Amino acid sequence: MTQSMPVLRAVLALAIAAAIASPARADDTNTTPIAPTADASAIGATANNPKTLAKVQVNASTVNATSTAPTQGSLVAVEPQSIIGSLFLQENIAPTGDYTDAIAISPSTYTIAPNGSGLMETAVASIRGFQDGQYNVTFDGIPWGDSNDFTHHSTSYFTNQDTSSVTVDRGPGTASTLGDATFGGTVSVESIDPSADFNLHPYLSYGSWATAVEGARIDTGKLNDSGTAAVINVQNGSSDGYLTYAGQRRQNIFAKIVQPLGDNTTLTFGGMWNKINQYVPFGASKAQIAEYGPNYALNNDPTSQSYYRYNNDQITTYMAYIGLHSEFDGWTVDNKAYTYAYNHFGFNGLDPNGETPNGTFCDKKGNNCLDPDDVPGQHMRNWYRSFGDILRVSKELGPGEIRTGAWFDHQDNLRWEYEFDDTLDVPAINTTGAPTKGSDSPVDRVMTDSLTTFQPFLEYQWNITDNAWLVGGLKYDDFKRNLDAEYNQKTGTPLDYSAKWNATLPSAAFHYSFTSDWTAYAQWAKGFLAPNLNLLYVADPAISDGSLQPEKTTNWQVGTTWNSDDLTLSGDVYKINFNNFIQSQKIGGVTYFYNGGGVHYTGLELEGTYMIGGGFSIYANGSLNRAIQTESNTWNPNTPHKTAALGLIYRNGPVYASLMDKFVGKTYYTANANDDTPIGGYAVTNFAASYRFDLHRTDVKDIKIGFQINNLFNNTNINALAGTTVADGTPLYFTIPSRNYNVTFSADLF
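Here the numbering used here = 1-based position in the sequence shown + 2.
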């Protein structure tokens with residue numbers, strides 16, 4: 003292949019991405035035009051054996067396109083994939099950030115944390131129009147999340163410092179891809195690994211909104227002849243947040259021990275503990291934003307339902323696993339047993355930022371009395387615990403490899419909520435004096451539920467030639483919900499009910515290697531989404547659930563990837579049909595659920611990094627996305643019609659610098675039944691730079707100073723619908739956090 007070919011590919015990729023980004027008409031954006039920007043990542047997708055699906059991390063100290071690319075495709079993937087490596091996470095994500103901040107740079111992805119990076123759960127995390135709860139998130143291969151709707155609390159588990167890489171898999175995967183929501187893809191978060199040498203890595207960061215992060219990573223190195231090694235990261239963070247009176251305090255500990263057992267077997271112990279105390283707003287109306295500013299949220303008025311002390315979350319979580327990996331005589335066995343838990347005590351005003359007037363009924367020593375000026379609120383608890391096991395076994399068989407295994411997960415969940423008089427700090431009935439949910443108590447809901455999932459799979463990879471292979475398989479999903487409610491959500495009446503569903507999901511994919519740098523794939527696969535628990539929030543679920551089927555997608559995807567020292571380039575086209583859309587209707591006061599309609603998704607995605615020379619590289623990605631609901635022929639909410647990124651990166655010795663711009667096209671949000679609210683396109687530009695000092699000392703290897711400016715051009719436009727008020731359904735919004743900075747000092751000792 004001639005030397006000019008990579009250059010031509012780079013020019014073509016960047017030209018297409020720039021073309022996607024450029025048509026930001028006056029009616030399509032209310033921000034400045036896209037400016038050059040950049041990020042950096044350091045994981046490559048090459049593999050020692052191109053016939054396997056394993057990914058191999060590239061040394062971040064190597065300066066080439068593969069180690070520098072903010073996102074890149076995989077040479078062994080069978081569906082569109084954006085790999086975000088450790089360099090990007092370390093240099094470009096704020097020290098308070100999490101995986102949602104990382105994936106924001108990837109094609110077709112749209113997400114911004116309303117209170118600043120990691121300082122509040124993101125309002126929207128959309129991938130091709132699929133929302134949180136419609137795709138998997140895994141940590142070290144473990145699917146995790148709330149069993150009621152499969153959403154994820156991004157700030158309540160691992161931190162950016164616990165993370166080595168993040169991969170956005172935009173598809174349902176193969177039969178061996180496990181989880182309750184393969185429907186819209188998988189975000190795979192991988193934890194840090196112990197290093198071979200002892201090291202103490204303290205870090206300290208200060209930034210806007212009185213933000214501070216203190217922490218340290220400790221690597222033991224190899225402790226003995228068997229190779230035992232461990233890593234622990236301890237972190238404390240606090241911030242006032244971008245939004246008014248929306249402060250956060252967070253502590254996190256992550257640890258991993260890797261124990262080799264002979265030459266072919268490894269035992270891994272991983273564990274995480276996280277604690278958050280935060281004041282959480284529900285958004286602001288356009289009138290409030292106009293009067294008080296784009297960062298208006300909570301206030302300091304004890305007579306208001308928006309008083310920050312009445313709107314508080316206290317969340318504690320943990321996750322732990324034991325993994326065993328062994329290879330012998332052509333066999334590979336991988337097993338991971340795990341548990342994780344989430345314990346959330348929440349407090350909020352009844353209608354923060356809304357129209358509901360003050361006034362509660364309370365119980366004072368058994369006497370009901372009207373308190374017209376007291377502040378009504380709600381207290382709640384959401385607790386769940388999962389335990390499960392993932393077994394994967396593979397064996398070389400004939401001209402390929404057979405793979406089988408199963409995932410088992412069981413989650414128990416306790417949830418309650420009751421009305422509260424925040425002024426008197428006692429339970430209340432409600433603001434009207436009428437019994438709450440058919441009861442004379444203040445209880446809104448008291449319920450326990452469980453979800454049990456069992457997913458066995460079988461697939462075979464046929465190595466047709468040295469350059470081509472075909473993988474096909476079948477996954478069976480069986481899941482059962484149990485609900486035992488003293489006060490069921492929505493109805494407030496007792497319910498003891500079980501429901502069971504299953505789905506059979508085939509997949510097939512073809513992979514071809516033109517050269518060691520250039521591969522292509524074609525995929526057909528079924529995805530699915532287990533039914534939400536809200537199907538049981540009715541007086542008689544049996545009326546509907548017997549005929550309901552899980553929501554499914556049928557995916558067709560074709561793509562190609564080029565990874566070399568000078569260029570990473572990948573692109574794909576996709577078509578996804580979503581059917582069995584679960585909807586509801588009321589007939590004679592009775593709620594019925596049914597399968598009807600769906601969404602048709604189509605799109606084009608590109609991403610690439612080209613090494614210009616002299617330490618400079620240029621990065622670009624872009625997507626054109628279309629998502630139309632089949633019954634109404636309307637645009638699917640939270641689906642930008644296009645996204646793009648453009649940036650410049652400089653890496654030379656101890657110096658790193660990047661300027662990166664991400665553009666998100668126009669999006670629609672359904673604010674209420676009669677109001678579709680368009681959000682104009684916007685662009686956000688971030689700058690990052692760092693310098694590593696070599697002190698030439700034996701006890702201090704180096705000291706690093708990093709600096710980040712996020713939202714360089716201070717774009718504070720509305721970018722997300724937060725919800726609506728309780729009384730009148732007035733839309734509430736979040737805006738883009740204003741320009742902010744952080745400075746980080748870190749060192750590698752010994």
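For every residue, glycine included, the Cβ atom is placed at its ideal position computed from N, Cα and C.
None of these values were measured; they are calculated from a predicted model.
Within the segment 126 to 176, not a single complete alpha helix (DSSP H) segment reaches 4 residues in length. Minimum Cα-Cα distance from V80 among the listed residues D574, T718, G99, Y658 corresponds to D574.
The continuous alpha helix (DSSP H) containing S88 extends over residues 88 to 94.
In the three-state reduction of the DSSP assignment, A67 falls in the helix class, which pools H, G and I. Straight through space, the alpha carbons of S452 and A487 are spaced by roughly 12 angstroms. Between the segment 323 to 339 and the segment 263 to 278, the count of C-beta pairs closer than 8 angstroms reaches three or more; the two stretches touch.
Counting along the chain, the unbroken alpha helix (DSSP H) around Y294 starts and ends at 288 to 294. Ranking A106, F481, I620 by CA distance to the CA of S660 puts I620 first. When C-beta atoms of the segment 637 to 652 are compared with those of the segment 610 to 629, three or more pairs fall below 8 angstroms, so the two segments count as touching.
Boundaries around A104 are those of the alpha helix (DSSP H), 101 to 105, since no beta strand (DSSP E) includes it.
With distances taken between CA atoms, F665 lies nearest to T687 out of P680, Y671, N654, T687. Here Y612 is buried: its Cβ has 16 or more other Cβ atoms, across all protein chains shown, within 10 Å.
K528 is positioned such that its CB atom lies no closer than 7 angstroms to that of P543. At a Cβ-Cβ threshold of 7 angstroms, S210 and L121 do not count as neighbours. Counting the other Cβ atoms within 10 Å of the Cβ of T517 gives fewer than 16, which makes it exposed. Minimum Cα-Cα distance from R483 among the listed residues L476, S500, Y489, N721 corresponds to S500.
A straight line joining the alpha-carbon of D164 with that of T425 spans about 41 angstroms. Taking I705 as reference, the option from Y693, N297, N713, D427 with the minimal CA-CA separation is Y693. Residue burial annotation: S178 is buried, with at least 16 other C-beta atoms found within 10 angstroms of its C-beta.
At the C-beta level, H602 and I584 stay beyond 7 angstroms of one another.
If you draw a straight line from the Cα of F160 to the Cα of D100, it is about 7 angstroms long. Straight-line spacing of the CA atoms in F752 and S515 works out to 44 angstroms. Leaving aside the five residues that flank A104 on each side, the residues in its chain whose CB is nearer than 8 angstroms to its CB run, in chain order, I86, F90, L91, I95, N162, T165, V168.
According to DSSP, residue pairing for W211 in a beta bridge does not occur.
Separation of the CB atoms of S128 and T140 is rounded to 19 angstroms, and the pair is thereby denied contact status at 8 angstroms. Judged by DSSP secondary structure, T318 falls within the beta strand (DSSP E) whose first and last residues are 314 to 330. Counting other Cβ atoms within 10 Å of its Cβ, I107 reaches 16 or more and is therefore classed as buried.
N716 sits in coil when the DSSP states are folded into three classes, being neither helix nor strand. The C-alpha of P204 lies about 6 angstroms from the C-alpha of G217. Looking at the DSSP output, K477 sits in a beta bridge with F459, L507. In this structure, N716 keeps its C-beta atom at 7 angstroms or more from the C-beta atom of I738.
The three-state secondary structure of A544, taken from DSSP, is helix. Considering only D663, P72, G667, G617, the residue with the shortest C-alpha distance to P639 is G667. L180 has its alpha-carbon roughly 22 angstroms from the corresponding atom of V560. Non-local beta-carbon contacts of Y743 in its own chain, meaning distances under 8 angstroms to residues more than five positions away in sequence, involve G209, S210, F709, Q710, I711, N712 in chain order.
T362 and N719 have their C-alpha atoms some 36 angstroms from each other.
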